[in-house]
Structures are given as C-alpha cells and as structure tokens.
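Chains as they are written, first to last, in full-length UniProt numbering: chain F, 1 to 274; chain V, 1 to 235.
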C-alpha cells in the first residue's frame, strides 16, 4: 500500500488546505502581510508642443533599496510612453502587454496609435483584476488629435489632466506643480519644472531617490533622457576613488579552464518535403 | 474551430493516397493572379499583379502585399479573404513570440508557425483548407530569405519562385534569368520583366504591386511613383 498524496488534490483543481491553515493562523493572532509601499515619484505635464514625463529611479523592497537606477518610464508606442508606480512586476507586465496589443492594432489599422486607445486597454485590464494588479500609471503621448496626459489608478479609474503626479512622492511633486505650472510652457521650462518636481520627491520622500529620468514627446519626435539629472552621485572618501598602490608580486601563473570549450558547428536545416 | 455537428474533417484521403481537397485548393491558387519573389544577394523582392475586377474599384484601397513584422513581408496567390485571415494570425504569432523572447521572430520560425496553422485547417472538423499560397520575404540574422507556403502546410525556401496563373512561364523565365550574385535592384527589374511576360494589357504602376527588403531590414511596399521609375528603367 503506497503512502501517496498528502497534498495532491484528489481530482485536480485548487486545493484549499492552505486556506484552512491561514485561517487558523489568523485566529491564533498572526498578522497577514500588508502591501509594500509604492515608493516612487512619477509626474507628467503638457507643455506647448507636447508632453513631458518624469520619474525617479529607485526601486524599494520594504526598507531596502533594491535597484538604485531602474527604468520607470516604459515604452508603449513610438509616440506614447507610460510611467509606472506600484509593484514593479505589475507595471512592467501590464505596459508590456498593452504595448504588444497596440503594435498589433497598428498593423491592422495602418495608423499611429492614439493615447486614448492605450488608456482604454490599460483601464479595462486593471478593472477586470479589481485592483489586484497594483499598477498606478501616468500615461502620456502625442497623437493625431494632439498631446494627451492621463493618470490610471490600480482599480481602473482614470483622470485626464494638464499635469499629474503619482506614487508615494506625489504630494511633494504636486506641491511644486501647483505652485509653478502654467499653460504654454516651453520645452526647457517644462523640463526644468519636471526635474524640480522629481527632485522634490527624491529629497522629501523615502520611497523615491537616485536619479531623474525624463521623456519629452512632441509631434513626430520623442526624446528619452535617461538619467537626465544625477543629484545623488556616489561619493568616495578619496576624490580619486579607490586605488591599491601596493602591488602583490606574481610568483607563478597557472590557468585551469573550469568549463570545457565546446565547438558549435552549424548544420543547415533542410527544407521540408511535400 | 468547426461546428459541433462537424467534428469530422472534411479533408479526407482518396484511395490513391491523395488529399483531394488540398489538390483543389492548389487549383484555386493556380487560377489566382500571378505573384513572384526573388532572393538577391542583399535583399528580397516580391511582386504581384493587381488586376481589379472593374475600373470603378478604388485601387488605392487594395493592398495585396502586407507586413507581418517590420522585417518580414508577404504576398499571395489565390483567395484574398483567406489571405487576410492568415495575415492576422501570423501577425499575432509574431507578436507573441516577440513578447515571450524579447527578440524579433526569425523568418523560418514565422513561416513554420503559419504553415502549422494552414496544416491544422486540413485536419480539423468542419473547416476547409486555405485557398492561398504565400510568398514570405524577410531579412534577419541569417540574411535574406524567401519562403513559399502551400495550402497543405508545406513550405519551401526558394531562390526565386512564382505562383498563380502564369506559373510555368514565369518559372522558366526566372530559371533563365536568375544569378546567385544578383543585387536587389537587378532583382526588381527581373521581377518586373517576369510579370510582363504573361501580362494581359499594359503594365503600369496601377496594376502591379512590389515589395522589397534590403540590408536595412525594413520591409517596404514601393509607392506608385517608385514603381514608375523602375518601369521606365526596364523599358
């Protein structure tokens, strides 16, 4: 008689055994894990000729900085970019998926993608997951109908705004925008304002930090300024960085290859026969 | 795929071991408008006749040569609506590959997946085979490539090939004219001359379509003005 199936479901399908265990643990007083804070400052604004998006570059895992220089501005279409706050995996996956759908749509229609299309595809997806896909996005782009800027919340609601901020540093950045934004900004003024807003988030919010990324989208053109500003450079005790002056003497050199060198020869495949 | 009433395949073997439906599909292809492709040393060109059923049809709205990816294009002979469906499926497959592996799909892979779709329709319930043969032209890391895919789902790599009404004349012409070290522009001239061989009436930029891809790996359909230039050079 075999000792089989302690935790193999009898007939396939979901096994609810662990749910019982979780309930028992909660009853005994264990606190279930809470959501990780979003820890980002992302902003966008509409200027005279188009849209400028900005983001910080810190990715956090609780109290630890997981990535000091990550990319939060995601490509959606040649004329549309999207900043993402929230769970990094969720923002990456959802923007990747919608960018793929937009590309197929472009082939079918033969036209450039519109920002409202990206917006609707994103919000439908997020709503159908009832907020469990934790992605808060700032979507901006310039299409045939002009420049557009939208915010999308994890539950699927959206706003259309002339300037927007999201993430844990959003209040710090919004204070800068509310004080200094005006319509008809030039490109340089717009970039300066966006950089200022992101810096405000970087310096005043724990969840945001490192560098400033900026993306400028105008009609027919886009500029991705990666690490536009680096207000937090690495500093070393000595201004020259580390250098090891005392050199060790080399007495003997012996190199042992740890991996076999494999020669790969290509065999061209034959075409199928009928 | 297929109504629940028809869970059996409509494509069945004949006593001689042939799949008669596929033979008929090839006949449908053979009565379609001529199309051809030539692989040059530095690119691929595909071309087709664009005979419209009446002078009242707006020829700008008809596009027989389609993009599957930025570096792969396709042309057909046979039934237009079947072609549309295949193009849509192929584009989706190329996009899925790109999402999964984050690299542009190699030409052979896309051809294989399209051929698999065509084969599925010869072995499923309640559906008929596609009435098109495709010529897929692409340029990837392995260089320029030209593939033909038939309604049965079999595919071949060609240096030069033709399909449709005038296939035997066109292939003879291509066999004589083809050289291994042909350049893309020569190939375009040869393609035009081959189309001219069996053309009824006056050949012009309004009743042929040409698509090309060079070492820049960008597939483009030539504009009527560009076709006029090539036609003038050929004269």
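Cβ coordinates follow ideal geometry from the N, Cα and C atoms, glycine included.
- Close partners of residue 24/V in chain F (Cβ separation under 9 angstroms) are lacking, with about 16 angstroms as the shortest Cβ gap.
- Within its own chain, the residues whose Cβ lies closer than 8 angstroms to the Cβ of residue 175/F, once the five positions on either side in sequence are excluded, are 200, listed in chain order.
- Within the stretch 183-216 of chain V, contact with chain F at the beta-carbon level (separation under 7 angstroms) is assigned to no residue.
- Judged by their CB atoms, residue 86/V and residue 69/V are not nearer to each other than the 8 angstroms cut-off.
- Put simply, of 166/F, 171/F, 228/F and 47/F the residue whose alpha carbon is nearest the alpha carbon of residue 148/F is 47/F.
- Taking the Cβ atoms as the reference, residue 102/F lies roughly 7 angstroms from residue 117/F, within the contact range of under 8 angstroms.
- In the DSSP assignment, residue 203/F falls within the unbroken alpha helix (DSSP H) covering 187-204.
- By the Cβ criterion, the stretch 109-125 of chain V is not in contact with the stretch 167-178 of chain V, since fewer than three pairs of Cβ atoms, one from each stretch, lie closer than 8 angstroms.
- Taking a C-beta distance under 8 angstroms as the contact criterion, residue 157/F and residue 87/F do not qualify as a contact pair.
- Taking a cut-off of 8 angstroms on C-beta distances, the stretch 202-214 of chain V does not touch the stretch 170-183 of chain V, as fewer than three cross pairs fall below it.
- By the C-beta criterion, the stretch 127-140 of chain V is judged to be in contact with the stretch 60-78 of chain V, since at least 3 inter-stretch pairs fall below 8 angstroms.
- Within 7 angstroms of the CB of residue 103/F, the CB atoms of chain V belong to 95, in sequence order along the chain.
- Counting other Cβ atoms within 10 Å of its Cβ, residue 68/F stays below 16 and is therefore classed as exposed.
- Contact check between the stretch 214-229 of chain F and the stretch 49-60 of chain F: three or more CB pairs, one atom from each, fall below 8 angstroms, which counts as touching.
- Nearest Cα to residue 152/F within the set 16/F, 166/F, 204/F and 142/F: 166/F.
- Between the alpha carbons of residue 230/V and residue 189/V lies a gap of roughly 7 angstroms.
- In the three-state DSSP reduction, residue 21/V falls in the helix class (H, G or I).
- Neighbours of residue 176/V across chain F, judged by C-beta separation under 7 angstroms, do not exist; the nearest C-beta is about 23 angstroms away.
- As the crow flies, the alpha-carbon of residue 26/F is around 29 angstroms from that of residue 207/F.
- The three-state reading of DSSP puts residue 221/F in strand, counting E and B together.
- In the same chain as residue 123/F, and ignoring 5 residues on each side of it, the C-beta atoms closer than 7 angstroms to its own belong to 152, 156 and 158, in chain order.
- Scanning chain F for C-beta atoms nearer than 8 angstroms to the C-beta of residue 99/V yields 96, 97 and 100, reported in chain order.
- Against chain V, a Cβ distance below 7 angstroms from residue 107/F picks out 67 and 91.
- In this structure, 211/F is the residue among 224/F, 107/F and 211/F with its C-alpha nearest to the C-alpha of residue 231/F.
- Under the three-state reduction of DSSP, residue 54/V is assigned to coil, being neither helix nor strand.
- A Cβ-Cβ contact shorter than 8 angstroms links residue 64/V with residue 50/V.
- In the three-state scheme derived from DSSP, where H, G and I count as helix and E and B as strand, residue 156/V is classed as strand.
- Around the C-beta of residue 78/V, 16 or more other C-beta atoms lie within 10 Å, and the residue is accordingly described as buried.
- Here residue 172/F is near residue 204/F, since their CB atoms are less than 8 angstroms apart.
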